[in-house]
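From first to last, the protein sequence lines are chains U and X.
Residue 6 is where the first sequence starts when you use the working numbering, and the numbers rise one by one after that.
Residue 6 is where the second sequence starts when you use the working numbering, and the numbers rise one by one after that.
To start, the structure under review is shown below, and the notes come after it.
Number of protein chains: 2
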Amino acid sequence: MPRYGRYKTALYDQFARVGKALASARRIELLDLLLQAERTVEDLAGQTNMSIANTSQHLQVLKQARIVESERRGNHVVYRVTSDHAGNLLTSIQQFAEVGLAEVDAITRRFHDGCEEMEPVDRVQLMTRAKTGDAIVLDVRPKAEYEAGHLPYAESLPLEDLEQRLASLPKDKQIVAYCRGPYCVLAVEAVERLRERGFNAIRLEDGVREWQEQGLPVEYEESA
Amino acid sequence: MPRYGRYKTALYDQFARVGKALASARRIELLDLLLQAERTVEDLAGQTNMSIANTSQHLQVLKQARIVESERRGNHVVYRVTSDHAGNLLTSIQQFAEVGLAEVDAITRRFHDGCEEMEPVDRVQLMTRAKTGDAIVLDVRPKAEYEAGHLPYAESLPLEDLEQRLASLPKDKQIVAYCRGPYCVLAVEAVERLRERGFNAIRLEDGVREWQEQGLPVEYEESA
DNA sequence: AAAGTATTCAAGCAAGTACTTGAATACCAT
DNA sequence: ATGGTATTCAAGTACTTGCTTGAATACTTT
């Protein structure tokens with residue numbers, strides 16, 4: 006079908022454009038952060054240990070593929086994902102890598118061992134226990150990410166503030182900590198530390214994105 | 006968290022590996038074909054107008070990302086997707102491009118206009134009508150792809166054989182043609198030609214993959 | 001208006017990718 | 001074994017990407 010040659014290549018080019026945007030570990034790291042909350046270039050550069058200029062350039066690649074968009078806000082430029090569909094892209098890559106690439110399993114296992122995770126079936130039940138106060142759900146990400154969206158009944162307790170606020174946590178209830186998702190180590194570390202102090206702590210593998218993709222509800226801060 | 010730096014980059018590298026494999030229009034085209042049916046290198050090279058060596062190289066990139074696998078069969082090497090998860094990758098990229106990139110819409114519109122598609126709601130109903138014989142479902146892809154999996158009650162009528170078999174088609178029933186999916190033009194062309202001849206033809210946008218992802222059943226040939 | 005901060009742009013270099021060509025390998029048929 | 005076919009490998013070249021550096025731009029504050 007020579008007549009359709011141009012049509013086909015043009016389409017594949019568009020699809021590849023999205024693929025190209027996801028073809029760099031740096032850009033995936035940026036996207037991963039942006040899926041938690043919107044951020045300035047400066048912030049992203051700091052979080053990823055990249056130069057500002059380099060960060061800006063990577064962001065523009067993501068922007069060209071319409072995965073992220075930007076908005077000038079005063080002196081800063083704030084980047085955010087264009088839609089929830091962007092999360093699906095990363096999710097499907099992660100899912101694929103999880104089942105297909107033995108390396109991923111090996112890497113995560115090295116860091117997450119000894120820290121039992123919640124069974125997937127517990128999700129719905131967890132919310133009812135959180136609602137009644139039988140379980141405490143902790144969001145151990147930085148506060149800004151909590152404010153951009155968090156699980157229902159979760160309270161914000163950034164990992165860095167953990168030590169100072171230990172006293173306010175109950176020893177007799179189960180504490181469920183979550184962070185950015187299955188590959189994030191914040192909750193692993195939180196649970197580790199809590200257990201050392203004698204708390205009954207457990208890690209929820211999900212992050213907000215995973216929660217949302219399950220069709221479960223998410224809360225946002227009204228203020229902002 | 007300097008302690009986790011290596012862990013994080015190692016993971017992002019793995020995810021990017023998948024992204025890299027999808028970062029070329031050529032490779033997406035190959036994957037698209039492989040999602041319809043397994044194929045030899047020679048066949049793929051022919052379908053995509055690439056040199057054999059180049060095709061082989063692209064296939065190896067896909068193979069390294071575990072998106073496809075290969076098996077020697079006599080004199081040929083047959084490539085196939087490793088799992089259905091590979092289809093999800095392409096689907097999520099396509100879905101993203103569809104909503105995010107205006108270009109995709111513009112490109113497809115240029116070729117698919119004037120050819121009404123079936124409403125998504127018709128899917129389930131379509132099968133019952135096909136079952137009772139009220140509608141004829143035609144798979145207009147090459148026969149090998151039909152054999153690798155097709156919609157229930159569909160009969161194989163490759164586009165190239167259409168003219169010869171017009172006589173066997175009824176004028177009083179609705180004919181529903183489908184091909185590789187929303188971006189494939191085989192069914193568009195089939196419907197165009199059928200209408201010119203006075204048939205009541207309509208295009209189903211789905212391909213086998215889309216069908217499957219909806220959780221709907223698919224049939225395979227027993228023989229093979 | 002002037003100075004300061006955040007971001008982008010432009011140029012340059014090293015490294016990586018895409019494609020071609022011709023040789024090497026693996027299997028089949030005789 | 002020999003010749004034929006399908007695929008992969010190796011080397012070369014043009015092109016693209018990733019990162020750095022320093023200048024340019026956009027906005028804020030004084």
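The beta carbon of each residue, even a glycine, is placed where N, CA and C say it ideally should be.
These numbers were taken from a predicted model, which means no experiment stands behind them.
query, result
"Proximal chain U residues relative to X/Leu221, where beta-carbon distance stays under 9 Å", "Within chain U, no residue comes near X/Leu221; the closest Cβ sits about 20 Å away, beyond 9 Å."
"Exposure of U/Pro163, with buried meaning 16 or more beta-carbon neighbours within 10 Å", "buried"
"Proximal residues of chain X, C-beta to C-beta of U/Gln100 below 8 Å", "His90, Asn93"
"Same chain, Cβ closer than 8 Å to U/Arg63, neighbours up to 5 away in sequence not counted", "The sequence as given places His at residue 63 of chain U; Arg does not occur at that position. Cβ within range, chain order: Ser29, Arg31, Arg32, Leu35, Met55."
"Contact list for the segment 172 to 190 of chain U against chain X, Cβ threshold 8 Å", "Tyr188, Val190"
"Amino acids of chain U, ordered along the chain, whose beta-carbon sits closer than 8 Å to that of X/Tyr84", "Simply none; closest approach about 15 Å."
"Residue-chain proximity (X/Cys192, chain U), Cβ-Cβ < 8 Å", "According to the sequence shown, residue 192 of chain X is Ala rather than Cys. By this cut-off, X/Ala192 is not an interface position."
"Residue range of the unbroken beta strand (DSSP E) whose run includes U/Ser161", "159 to 161"
"Interface flag, X/Ala229 vs chain U, CB-CB below 8 Å", "Residue confidence is low: X/Ala229 scores 39 on pLDDT, short of 50, so the model does not pin down where it sits. No coordinate-derived value is stated."
"Of the residues U/Ile207, U/Gly24, U/Ser97, U/Ile72, the one placed nearest U/Arg85, counting alpha carbons only", "U/Ile72"
"Reduced DSSP category for U/Leu171 - H, G, I as helix; E, B as strand; rest coil", "helix"
"Backbone CA spacing between U/Phe116 and X/Tyr12 [nearest angstrom]", "8 Å"
"Beta-carbon contacts of U/Gly212 that lie in its chain and below 7 Å, excluding the five residues immediately before and after", "Tyr183, Cys184, Arg185, Gly186, Cys189"
"Any C-beta of chain X under 8 Å from that of U/Ile207", "no"
"Counterpart residues of U/Arg32 in DSSP-defined beta bridges", "Bridge partners of U/Arg32: none, in fact."
"Per-residue DSSP class, three states only, for U/Ser56", "coil"
"Residues near X/Met6 in its chain [Cβ-Cβ closer than 7 Å; skip 5 each side]", "Caution is warranted here: a pLDDT of 44 is assigned to X/Met6, below 50, making its placement in the model unreliable, and the coordinate value is therefore given only provisionally. Correct list: empty, nothing qualifies."
"Between the CA atoms of U/Arg78 and U/Thr221 - distance to the nearest angstrom", "According to the sequence shown, residue 221 of chain U is Leu rather than Thr. Their Cα atoms are separated by approximately 32 Å."
"Classification of U/Ile57 by the beta-carbon crowding that lies within 10 angstroms, buried from 16 upward", "exposed"
"Length-filtered (3 minimum) beta strand (DSSP E) runs lying within the segment 41 to 119 of chain U", "73 to 78, 81 to 86"
"Sequence-distant residues of its chain with Cβ nearer than 7 Å to X/Val193 (five each side left out)", "Phe116, His117, Cys120, Arg208"
"Inter-residue Cα distance where the pair is X/Ser228 and X/Gly154", "Reliability of the predicted coordinates at X/Ser228 is poor, the pLDDT of 48 falling under 50, and no value is obtained from them."
"8 Å contact criterion, which U/Thr45 and U/His90 should meet: CB distance rounded", "So it is not a contact: roughly 23 Å between Cβ atoms."
"Interface positions of the segment 123 to 157 of chain U facing chain X (Cβ-Cβ less than 8 Å), listed along the chain", "none"
"Cβ-based burial, U/Glu210 [other Cβ within 10 Å; buried from 16]", "buried"
"Listed by chain order, chain X residues near U/Thr60 by CB distance under 8 Å", "Under the 8 Å cutoff, chain X gives no residues; its nearest Cβ is about 15 Å from U/Thr60."
"Whole-Å CB distance - U/Val145 paired with U/Leu191, under 8 Å assumed", "5 Å"
"Selected residue, minimal CA-CA separation from U/Phe20, among X/Tyr17, X/Gly24, X/Glu76", "X/Gly24"
"Near-chain X residues of the segment 16 to 41 of chain U (beta-carbon distance less than 9 Å), N- to C-terminal order", "Leu16, Tyr17, Asp18, Gln19, Phe20, Ala21, Arg22, Val23, Gly24, Lys25, Ala26, Leu27, Ala28, Ser29, Ala30, Arg31, Arg32, Ile33, Glu34, Asp37"
"Cutoff 8 Å: X/Gly212 Cβ touching any chain U Cβ", "no"
"Alpha carbon of X/Leu39 to alpha carbon of X/Glu152, nearest angstrom", "13 Å"
"Cross-chain neighbours of U/Ser75 in chain X, by beta carbon under 8 Å", "Neighbours of U/Ser75 on chain X: none; closest Cβ ~15 Å, over 8 Å."
"Contacts that X/Arg198 makes with chain U (C-beta to C-beta distance below 9 Å)", "Near X/Arg198 there are no residues of chain U at all, since even the closest Cβ is about 13 Å away, more than 9 Å."
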